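Encoded as structure tokens, the structure appears first; notes follow it.
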Amino acid sequence: MLLVVSLIWGTTFVVQKNLEGVGIITFTGLRFVLGTLAISPLVYREYKKRQQTIRLIPQTNIYLYKKNDFVQLAMLGVFLFVAALLQQVGIASTSVTNAGFLTGFYVPMVPLLSWLILRQRPHWSVWPLSIGCVIGIGLLSGIDSLTFGSGDSWVLASCPFWALQIVFVGRIAERLNSPFLVAFSQFFVAGVLGLVWGLIKEPFSLAGMEQASTAILYAGLISVGIAYTGQVIAQRYTQAADAAIVMSSETLFASFFGFLLLGEVLDFEGILGCILILLCIVLIQLLPLFSNRRLPSNVVDG
């Protein structure tokens, strides 16, 4: 599921780059409001199932929400909004190549923040594989030809917020056992923040909405409604650091669709970057399995 999520995100960079007709803040708000509306039926269905469970097992408190839960859901929405907004500001004034490469710096931040904030010590392989993913993204993006400008600073500033969202979203979704509620809540908060701020700061017109309709629909229904919801569901069963490494493949998919749709051809460094990213994704799944294999019954550990 995380690979599908990454595939969708890889195509969204191009859509975000060609944004016209609406302001950046308004666009960010609209895409998350549209994503909120798209998954509303799923949230209602999830709520009804929980109500049935409560009626069947009245004495349980597992399915009851606490006030602090909604505070954490709102926090997720703030992380998501700030990350998406900063990235969008950067994409508007930098290349898709630079944006894809610099966004990849959230990968090594995820295990670091998990360790510092949640005291979750990752498997040793996460550290070299995270760095390997960043190197692979750099090779794929043409690191030797990258130039650093103001737009790149905005994209880089979004990375800590992407990392925080990844660190907490799976943990909260697993604890609440309500992935659609978690997705809905963070989309709703991000959407309201974007729309209110956008209407205050930016000009708005129906003609502009129509001009940007393709970008809004794709980013809202596909990128947010499907991909971000899929991220929440998948991270219930995946460690945050592992998820970050798998989701770094969005740059790989962006290059693939660039070749398929735009005729862009990868050079030797780009192909090497693809191989390195794929290798890191495979190893992050396999190495912990080899490390945790049980010893034979006739062998005493230590």
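For what it's worth, my numbering labels the leading residue of the sequence shown as 1, then goes sequentially. Note that CB positions come from ideal geometry on N, CA and C, so glycine has one too. Bear in mind the structure is a predicted one, so any value in this text is a computation, not a measurement.
Checklist line | Chain-order list of residues whose beta-carbon lies under 6 Å from that of Gln231 (same chain, five-residue window excluded) | finding: Here the question's residue 231 lines up with position 231 in the sequence shown. The answer, listed in chain order, is Val5.
Check: Could you give the distance in angstroms between the alpha-carbon of Glu174 and the alpha-carbon of Val182?
Finding: Position 174 of the sequence shown, counted from the first residue, corresponds to residue 174. Position 182 of the sequence shown, counted from the first residue, corresponds to residue 182. Whole-angstrom Cα-Cα distance: 10 Å.
Item checked: Sequence-distant residues of the same chain with beta carbon closer than 6 Å to Val14, five excluded per side -> Counting from 1 along the sequence shown, the entry for residue 14 is found at position 14. For Val14, where only same-chain residues beyond five positions count, there are no Cβ hits under 6 Å.
Checklist line | Cα-Cα separation between Leu76 and Val167, rounded to whole angstroms | finding: Position 76 of the sequence shown, counted from the start, is the residue given in the question as residue 76. Position 167 of the sequence shown, counted from the start, is the residue given in the question as residue 167. Each residue's alpha carbon lies about 10 Å from the other.
Note to self: If the criterion is Cβ atoms closer than 7 Å, does the pair Ala157 and Ile8 meet it?
What the structure shows: In the sequence shown, counting from the first residue as 1, residue 157 sits at position 157. In the sequence shown, counting from the first residue as 1, residue 8 sits at position 8. Cβ atoms of Ala157 and Ile8: not closer than 7 Å.
Next item on the list: Mark Tyr218 as exposed unless 16 or more other C-beta atoms lie within 10 angstroms of its C-beta, in which case mark it buried.
Entry: Position 218 of the sequence shown, counted from the first residue, corresponds to residue 218. Buried: at least 16 other Cβ atoms inside 10 Å.
Next item on the list: Could you check how far apart the C-beta atoms of Leu140 and Leu283 are, in whole angstroms? I think they sit under 8 Å.
Entry: Locating residue 140 in the sequence shown gives position 140, where the first residue counts as 1. Locating residue 283 in the sequence shown gives position 283, where the first residue counts as 1. Not quite, the Cβ-Cβ distance comes to about 18 Å (not below 8 Å), so this is no contact.
Note to self: Tell me the rounded alpha-carbon separation between Gly29 and Gln239.
What the structure shows: Taking the sequence shown and counting its residues from 1, one reaches residue 29 at position 29. Taking the sequence shown and counting its residues from 1, one reaches residue 239 at position 239. Cα to Cα, Gly29 sits roughly 29 Å from Gln239.
Notebook entry, point to check: Would you call the stretch 106-126 and the stretch 233-251 touching, i.e. three or more CB-CB distances under 8 Å?
Noted result: yes
Next item on the list: Look up Tyr237 in the DSSP assignment and say whether it is helix, strand or coil.
Entry: Within the sequence shown, residue 237 is the residue found at index 237, counting from 1. Tyr237: coil per DSSP, three-state reduction.
Item checked: Pair within 7 Å by beta-carbon distance, Ile25 and Glu202 -> As a first step, residue 25 is located in the sequence shown; it is residue number 25 there, counting from the start. As a first step, residue 202 is located in the sequence shown; it is residue number 202 there, counting from the start. Closer than 7 Å, so yes.
Checklist line | Where Ala207 falls, given that 16 or more other Cβ within 10 Å makes a residue buried | finding: Here residue 207 refers to the residue found at position 207 of the sequence shown. So Ala207 ends up on the exposed side.
Notebook entry, point to check: Could you give the distance in angstroms between the alpha-carbon of Thr229 and the alpha-carbon of Val192?
Noted result: Here residue 229 corresponds to residue number 229 of the sequence shown, with the count starting at 1. Here residue 192 corresponds to residue number 192 of the sequence shown, with the count starting at 1. Whole-angstrom Cα-Cα distance: 18 Å.
Check: From Ala83 to Gly194, what distance separates their C-alpha atoms?
Finding: As a position in the sequence shown, residue 83 is number 83, starting the count at 1. As a position in the sequence shown, residue 194 is number 194, starting the count at 1. Computed Cα separation, rounded: 12 Å.
Note to self: Is the separation between the beta-carbon of Gly90 and that of Ala212 shorter than 7 Å?
What the structure shows: Locating residue 90 in the sequence shown gives position 90, where the first residue counts as 1. Locating residue 212 in the sequence shown gives position 212, where the first residue counts as 1. No, the pair does not count as a contact, with Cβ atoms beyond the cut-off.
Next item on the list: Give the straight-line distance between the Cα atoms of Glu269 and Thr103, rounded to the nearest whole angstrom.
Entry: The residue you call residue 269 lines up with position 269 of the sequence shown. The residue you call residue 103 lines up with position 103 of the sequence shown. Spanning the two alpha carbons is a distance of roughly 19 Å.
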